[in-house]
Amino acid sequence: MIGFRQTAFGYDAATPILSGMDLTVNPGSFLFLTGASGAGKTTFLKLCQLSLRPTAGRMTLFGVDVASLDRAAVTRMRRRIGLVHQDCQFLDHLPIAENIALPRMVRGDDPSRWQADLDDLLEWVGLARRRDALPPELSSGERQRAALARAVIGSPELILADEPTGNVDWAMARHILHLLIELNRLGKTVLIATHDLNLIRAAREEVEVRLMRIERGTLVMGTAL
Ligand SMILES: Nc1ncnc2c1ncn2[C@@H]1O[C@H](COP(=O)(O)OP(=O)(O)O)[C@@H](O)[C@H]1O
Ligand SMILES: [Mg+2]
């Protein structure tokens, strides 16, 4: 699903902040990415979502070398990926239900094709009664659940979550984790960046998790907790 071969990235290509990365992610896996603040977790997820491209080495996504993709192919591929941003990034003047549906609207999908999905998703994340609220009116837990719903409204195969429990209490963190585990049980590949080791321990009790860590600018696999 994701393949890195000596992959590197630098905002300034001459000085990569991530390099020598080797990784194979199999479909259906549940992965955690840890690393100190500033290590490059968000950057790594942006590479996986194709909003950044490697500056050296090879990267494949869904079996295709990303260097060969034109813009249209990138757009199609990004539809297969759901990203839960660290800071949620909603349009504050639109009701939360519309924010969640936005990826489908932007695609030009007719509402008849996603209205039922939206209703189901709002129910699933517990926001059915908050659907008309504006993003600034939501609690941080509600915002995170809305961000998750928006990431999955397009039925992605791969879900990337950037510190999805960074701003919520432990009970809400467990709740969000369970939603991600449910998605994994439905066959989705899930990759979560977090520095919350308790979250990883909790996940381990329920699913087989794979751990990665960014250390000294590269990816280290299977780090013990
Ligand atoms: N758009 C950018 N331009 C230049 N440097 C950036 C940019 N975004 C992040 N960085 C730098 O890249 C490094 C990794 O950042 P980031 O991926 O956000 O780390 P993390 O998510 O692990 O905290 C940091 O040193 C950060 O300052
Ligand atoms: Mg980050």
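Using my numbering, the first residue of the sequence shown is number 1186, and each one after it goes up by one. No residue lacks a Cβ here, since even glycine has one placed at the ideal position from N, Cα and C.
In this chain, the alpha helix (DSSP H) harbouring V1259 covers 1256-1263. Relative to ligand 2, Q1271 has its C-beta within less than 7 Å of a heavy atom. With respect to L1343, M1244 sits apart: the two C-beta atoms are not nearer than 8 Å.
Beta-bridge partners assigned by DSSP to A1346: V1269, I1377. About 13 Å separates the Cβ atoms of G1311 and V1353, ruling out a contact at the 8 Å cut-off. Taking every protein chain shown into account, the CB of V1249 has fewer than 16 other CB atoms within 10 angstroms, so this residue is exposed.
In the three-state DSSP reduction, F1247 falls in the coil class, being neither helix nor strand. DSSP places Q1191 within a strand segment (E or B) once states are collapsed to three.
Residue range 1226-1233 is occupied by the alpha helix (DSSP H) that includes F1229. For F1189 and D1207, the gap between their C-alpha atoms comes out near 5 Å. Between the C-alpha atoms of L1319 and D1277 there is a straight-line separation of about 6 Å. By the criterion of a C-beta distance shorter than 6 Å, A1346 is surrounded in its chain by V1269, I1377, once the five residues flanking it on both sides are discounted.
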